[in-house]
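Protein chains in written order, with the working numbering: chain A, 1 to 282; chain B, 1001 to 1151; chain C, 2001 to 2316; chain D, 3001 to 3340. Every residue gets a Cβ at the ideal spot worked out from N, C-alpha and C, and that includes glycine. None of these values were measured; they are calculated from a predicted model.
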Amino acid sequence: MVSISNPYKPNIAALRKITTENNANDIKTFEVVFEDPDLAGSFRYTPGQFGMISYFGAGECPIGIASSPTDEGFLEFTIKKVGTVTTALHNCSEGDRIGIRGPYGNGWPIEAMEGRNVVLVGGGFAFTTLRSLAKYILHDDNRGRFGDLTVIYGARNPGELIYKYDLEDWEKRDDINLIVTVDKGDSGWTGKEGYVPTILKEAAPSSKDAIAAICGPPIMIRFSIPVMTELGFSPSDILLSLEMRMKCGIGKCGRCNVGSKFVCLDGPVFTHEELQGLPKEY
Amino acid sequence: MEQGSVSKKPAVVEEWEPRIIAFLCNWCSYAGADLAGISRIQYPPNIRVVRVPCSSRVSPYFIIKSLQRGWDGVLVSGCHPGECHYISGNLIARRRFAVLKDMLEYIGVEPDRVNFSWISAAEGERFSKLVREVVEKVKALGPAHRLVKGE
Amino acid sequence: MEGLGNSIKEAAERLLNEGDVDLVIGYERGTTPLRSTPCFIRDSGDVDRLIWDPTCDANLAKYLIGQDAKIGVFVKGCDARSAVVCIAEGQIDRDKVVLIGLPCSGVVDRKKIDSVLDGREILDATVDEEKITVRGEDFEEELPTKNFLCDSCLSCRHRTPTVYDIMIGDTPTEEPDTDEYAEVDELESMTAEERWAHFVEELSSCIRCYSCRNVCPMCYCKECFVDETMPAWFGKTNDLSDTMIYHIVRSLHLAGRCVDCGACSRSCPMGIDLRTLLKKGEKIVKERFSFEAGMDVEEKPVMSVFKQEDSEEFVI
Amino acid sequence: MKIKIVDKKEVPALIDRLIERYRVFAPVDAGKYARLMEVASGSEACLELQNPKLSSKEILFPQTEIILRIKKGEEGLETEEPSENDKDWVLFGVHPCDAKGLVLTDKFFASGDYKDKPYMDKRGKTSIVGLACNHPRATCFCASVGGSPFGKEGIDILLVDLGEEYLIEILTERGERMIEGVHGLRDASDDDMARAEKMSEEAEKALQTDLPIEGLSERLEGMFEDPLWDKVHLKCVGCGVCSYLCPTCWCFDIIDEETSTGVERIRLWDTCQFTQFTLQGSGFNPRPSGKERMRQRIMHKFCYFPKEYGVLACTGCGRCVRECPVNQDIRETIKEIMSV
């Protein structure tokens, strides 16, 4: 009987660095290194994929990989404190051990984006995998393979903006058109104010030879898609990353089943066109 | 101890000591326990105290979870009826504890495992006697098995 | 019985036609022998589907929880008491419900009938208050209905709904002879070890399907304590300790609220007798606080009030 | 294809032979119903009873199963998989609808890049001795969903009850290996085989096959927004009876439990009928009420799964029809769908 590998067995990893991302400090980025050195080298992933993060004793949860494949030797996961596992992770300190399974899911379609202008629209802390994609595109080895890069990122208020250090770097670069907005500013805020869909309409990125990726709370997605369509983006050129309850990550436990698809296997990235063919249950 | 020589050390049979969780209401029973301590009144060290604002804060979940986790005995103590800091907390709790105690006994959990009492802030002496009594009763029952997970 | 059939349909038809209710919930013939099934009628033209006989065993008060339409619902004595408890606990708006009382003399227990047929399958059956006729591939037998009623019905003290707006037929009178706490008393006479062994044996076949919880009108929590994760009080697997605790805590939650309608035991696919557990809760509350569930809409739930003279002999 | 005969009174001895080389699970009389359990001796098995309360799924995909143990050792964490490297298994007396259920379970758990190891390890060493249904029940509808009371799919050895003896039909090479250690079986005569054939026809006839399955999947494809779904779920109370008893419901949950020696990662049955199945951390639930959940169960079994695997995810065993507390009859639901 051929012995098959156990897809439920996580790899042990250590928390090397934990940085708090927002003022409410319920969103932290965990920099993680595999204990098994050659695994660190062989863990191949593309932006938009996710891992199943284990805190032993609390359970597992699916978290998008926030680091870019161009970052050597470590992974980053940005996690909001919501449930049992995420709370346990937030109580961790550097050096603690967790488990990681993956990478799972299809990730953003890099080939489909090559040679075209890319528009990334993110909201709230769902910006993680878009950040991974943006860092990947901006990396010296890859920048040439893509056209103009427009990133529109919004959060409820300035305190909720994450990856501020990346945003500062991107502001200085001339090969990325970064637009950051907040629903409601505060005294120290000098940037744009307004919901992401309205700012998107204002920025009006051209749809000519362009592809767009949207990732954020359902309400932001619902109001951004019509704007995209108005700007001339065809349904097959609007990419979305779905957020579903997941337990196995490998298309067996049935939770993320939408129509005949499993969001963890066939997604989480779908084109708007594909989603129109699926039942509205996501 | 090499294989050859076997010295006859007296087999110290460590006598089994029950572990008892005690939910003490902050205003009366906890103060009573404190008084026992201040007045240097001795009582068995088997209890571990959980301070609760009122005996009515103790839900059946706390008691059943303690039994499931393998505590050998549970003691819940609050203010005497009429003296509750929150006026009627212990009176509401009294009905809840009555139903719980009868139900656990009906299921087959030994009655002496779960004990309820009223101890006022001035009854340090009585608290120590209560603890001694509960420890004796639970020790007589032996280690807990029923409802314990993984038994 | 036939007369009742028509008055049931007429009552439903009038309520729907006069717009007193938007929906009538009743019973219709099931798809397998000896089964009835709940039915939801909005169009008065469909009232012919409505039936009433000793197979109508679902507690329809369950379907009143969380509804905002005006509903007419057929209730037996126990179902009406369930509705009263839910009204007293603010889960059902009394003004939005028309309770149509049914003259119940007990519902049949299919498991009791199966146990005397030793495996032979019933292909067709007719039931009335006197006898049950069951027909199979090569047999036909007549069974006296009274010997195959549910345990709850054998000792039922409240055949007449305690609260109703319309009563179908005349209110049943005869009082049952069996003592309602016979099984509980028998268990109480056993030793603690024997009782523990009884409940371990009975509850160890539970597969945590939660049909007992989901058919019960009193179980309307948005999130049941077994589903809670922060904190996760008790385990969700069918580990014996967690399973027994699920049933014990549920019986605590039902003490003074359960009306002994028997729906939980009837729904259990593994044939577990939950009644001897829940009946103890009812007995405790009756003896200690002289309270009986579902008798009076105005009366406050028993575990949310207290009396100075509540018994405390158990306090050491 | 070799066909043997064994006297009924020899069957316990036959099972004892198997117990010497295999762990044998057979239907046992559990008082109120039959249940598939491990037997220590052939005499415990009882083949006269109807289909067991739960399907054979409960042996290979048990309700609760530890899939990982995590020890907090000195030099950090070690993960360890529980492996039952014991004897091979035999499921004895499995009715064709349950055997077909296992075939569908294999198809699902073995599909894609990630194989479900806990299930596959057990399934890989398990042989199935099927028991044909001479008297299908009124609630059985295997013939309407591509099965049959004498179906052989997924079965290594098929037993047919001829009255005083069982006809033994060895169908696969696993079946051969099982029968190796067993002697005293005489070859079946033509008359035996003819009797078996007649019984098969009678059983087939006894089954009512008026269920309109033809074109059901295609019809369901366009019916996601159909108002039918507002009515069909009204009486369902959302319990787990139909899913837990069903041979083709495989959804599960994974939780961690702490023990004295470390952490156990446990897989346990779950169902799309429960309220929290798709509830997200944000509080959003794509299937908030019974309507969406019942629609999902019907669509998955009769539309989504067939689209992906080309076969219905229902074997017609009738357990959900018999055991539903409110008599929600899936056959009626199918008829309503086809008559819309």
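Exercise. Does A/L15 come within less than 8 Å of chain D when only Cβ atoms are used?
Worked result: It does not: the Cβ of A/L15 has no partner Cβ on chain D nearer than 8 Å.
For this session: Please classify A/E114: does DSSP put it in a helix, a strand, or coil?
Result: Assignment of A/E114 by DSSP, reduced to helix, strand and coil, places it in the coil class.
Problem set entry | Proximal chain C residues relative to B/V1148, where beta-carbon distance stays under 8 Å | In chain order: S2241.
For this session: Tell me whether B/V1109 is buried or exposed, calling it buried when 16 or more other Cβ atoms sit within 10 Å of its Cβ.
Result: Buried: at least 16 other Cβ atoms inside 10 Å.
Problem set entry | Rounded separation between C/M2270 and D/C3140 - CA only | Going by the C-alpha atoms only, they are around 20 Å apart.
For this session: Establish whether the CB of C/M2317 and some CB of chain D are separated by less than 8 Å.
Result: Chain C is shown only over 2001 to 2316; residue 2317 of chain C falls outside these bounds and no answer can be derived.
Exercise. Alpha carbon to alpha carbon, how far is A/M1 from A/P10?
Worked result: Any reading at A/M1 must be qualified, since the residue scores a pLDDT of 47, below 50, and its modelled position is unreliable; no value is offered.
Exercise. Excluding five sequence neighbours on each side, which residues of the same chain lie with their C-beta closer than 7 Å to the C-beta of B/E1017?
Worked result: Once the five neighbours on either side are set aside, the close Cβ partners of B/E1017 are N1046.
For this session: State the start and end residues of the unbroken beta strand (DSSP E) segment that holds A/E76.
Result: Counting along the chain, the beta strand (DSSP E) containing A/E76 begins and ends at 75-80.
For this session: Step through the CB atoms of chain C and report whether any lies within less than 8 Å of the CB of D/V3145.
Result: No, its Cβ sits nowhere closer than 8 Å to a Cβ of chain C.
Problem set entry | C/Q2308, buried or exposed, once every other Cβ within 10 Å from all chains shown has been counted against 16 | By the neighbour-count rule (16 or more Cβ atoms within 10 Å), C/Q2308 is not buried but exposed.
Problem set entry | Span separating the alpha-carbon of C/K2332 from that of C/R2159 | Nothing can be reported for residue 2332 of chain C, as the shown portion of chain C is limited to 2001 through 2316.
Exercise. If you draw a straight line from the C-alpha of C/E2018 to the C-alpha of C/E2141, how long is it?
Worked result: Rounded to the nearest angstrom, the gap between the Cα atoms of C/E2018 and C/E2141 is 44 Å.
For this session: Just list the beta strand (DSSP E) runs in the region 2140-2172 of chain C, keeping only unbroken ones of 3 residues or longer that don't cross its boundaries, in chain order.
Result: Under the rule that a run must span 3 or more residues, the beta strand (DSSP E) segments found entirely inside the region 2140-2172 of chain C read 2140-2144.
For this session: Figure out for me which residue from D/F3252, D/P3325, D/T3248 has the closest Cα to the Cα of A/M246.
Result: Cα-wise, what sits closest to A/M246 is D/F3252.
Problem set entry | A/K208, DSSP secondary structure in three states | Secondary structure of A/K208 (DSSP, three-state): coil.
Exercise. Closer than 7 Å, Cβ to any Cβ of chain C: which residues of the region 172-198 of chain A, in chain order?
Worked result: Of all residues in the region 172-198 of chain A, none has a C-beta nearer than 7 Å to a C-beta of chain C.
Problem set entry | Inter-residue spacing [alpha-carbon to alpha-carbon] between A/K252 and D/Y3114 | A/K252 and D/Y3114: Cα-Cα distance of roughly 9 Å.
Exercise. At a CB-CB cut-off below 8 Å, which residues of chain A make contact with D/E3258?
Worked result: Result: G57.
Problem set entry | A/I4: contacting residues in chain D (beta-carbon distance under 7 Å) | Within 7 Å Cβ-Cβ: K3115, K3117, M3120.
Problem set entry | Alpha-carbon to alpha-carbon, D/A3203 and C/V2215 | Looking at the two C-alpha atoms, the distance is approximately 36 Å.
For this session: Name, please, each residue of chain B whose Cβ falls closer than 8 Å to the Cβ of C/S2311.
Result: Correct list: A1098.
Exercise. Comparing the C-beta of C/V2226 with each C-beta of chain B, is any distance below 8 Å?
Worked result: The beta carbon of C/V2226 does not come within 8 Å of any beta carbon belonging to chain B, so the residue lies off that interface.
For this session: Label A/E273 either buried or exposed according to how many other C-beta atoms from any shown protein chain fall within 10 Å of its C-beta, with 16 as the threshold for buried.
Result: Exposed, since its Cβ has fewer than 16 Cβ neighbours within 10 Å.
Problem set entry | Short CB-CB distance (under 8 Å) between C/L2252 and chain E | Within the model displayed, chain E is absent; protein chains A, B, C and D are what it includes.
For this session: Note down, in chain order, each residue of its chain lying with its Cβ closer than 7 Å to the Cβ of C/M2167, except the 5 sequence neighbours on either side.
Result: Contacts found: G2101.
Problem set entry | Cβ-based contacts, 9 Å cut-off: residues of the region 233-258 of chain A near chain D | So the list reads E243, M244, R245, K247, C248, G249, I250, G251, K252, C253, G254, R255, C256, N257, V258, given in the order they occur along the chain.
Problem set entry | Coil, strand or helix - D/P2942 by DSSP | Residue numbering for chain D in the displayed model covers 3001 to 3340; residue 2942 of chain D lies beyond these limits and cannot be assessed.
Exercise. Of all Cβ atoms in chain D, is any one closer than 8 Å to the Cβ of A/L265?
Worked result: With 8 Å as the cut-off, A/L265 counts as an interface residue toward chain D.
Exercise. Can we say the region 3291-3308 of chain D touches the region 3209-3225 of chain D, given the rule of at least three CB pairs closer than 8 Å?
Worked result: Yes, the region 3291-3308 of chain D touches the region 3209-3225 of chain D.
Exercise. Is C/T2237 close to chain A, meaning its C-beta is less than 8 Å from at least one C-beta of that chain?
Worked result: With 8 Å as the cut-off, C/T2237 does not count as an interface residue toward chain A.
Problem set entry | At least 3 beta-carbon pairs within less than 8 Å: the region 229-239 of chain A vs the region 203-210 of chain A | Verdict: yes, contact present.
For this session: State the start and end residues of the unbroken alpha helix (DSSP H) segment that holds D/E3218.
Result: Unbroken alpha helix (DSSP H) run through D/E3218: 3216-3221.
Exercise. Applying a beta-carbon distance threshold of less than 7 Å, which residues of chain D neighbour A/S260?
Worked result: Neighbourhood of A/S260 in chain D, by CB distance below 7 Å: Y3304, K3307, E3308, in chain order.
Exercise. Of all the options C/V2226, C/R2257, C/I2008, C/F2139, which has the alpha carbon lying nearest to the alpha carbon of C/D2242?
Worked result: Per the Cα distances, C/V2226.
Exercise. Tell me which same chain residues have a C-beta within less than 7 Å of the C-beta of A/T128, skipping the five on either side of it?
Worked result: The answer, listed in chain order, is G64, A66, T78.
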